[in-house]
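In my numbering, the protein residues as written are 1 to 85. Idealized CB from N, CA, C, for every residue including glycine. To keep things clear, I will list the structure first and then write my remarks on it.
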């Protein structure tokens with residue numbers, strides 16, 4: 001099954017908050033107007049489920065690392081988030 005508008009909106013808002021459209025467009029390598037067209041159902045949303053899952057896993061890994069560091073009180077280096085290609 002392809003990606004639905006609801007899935008795209010939920011993942012976008014969950015990962016990026018209020019300005020999710022700009023952020024998810026950048027991470028998906030598309031223009032923001034493309035995301036707007038998907039949301040307005042002017043264009044069919046391609047199957048993005050695998051990529052969205054990768055973005056979720058990446059965020060989980062970052063948050064887990066931050067949780068460990070804050071619990072231990074030992075933040076050893078600046079956080080650098082690598083964007084997936």
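Ranked by Cα distance from residue 44, the first of 51, 50 and 35 is 35. Three or more Cβ pairs closer than 8 Å define a contact, and the region 44-60 meets that threshold against the region 11-21. Taking every protein chain shown into account, the CB of residue 63 has fewer than 16 other CB atoms within 10 angstroms, so this residue is exposed.
When C-beta atoms of the region 38-52 are compared with those of the region 2-11, three or more pairs fall below 8 Å, so the two segments count as touching.
A direct Cα-Cα distance of roughly 12 Å separates residue 73 from residue 65.
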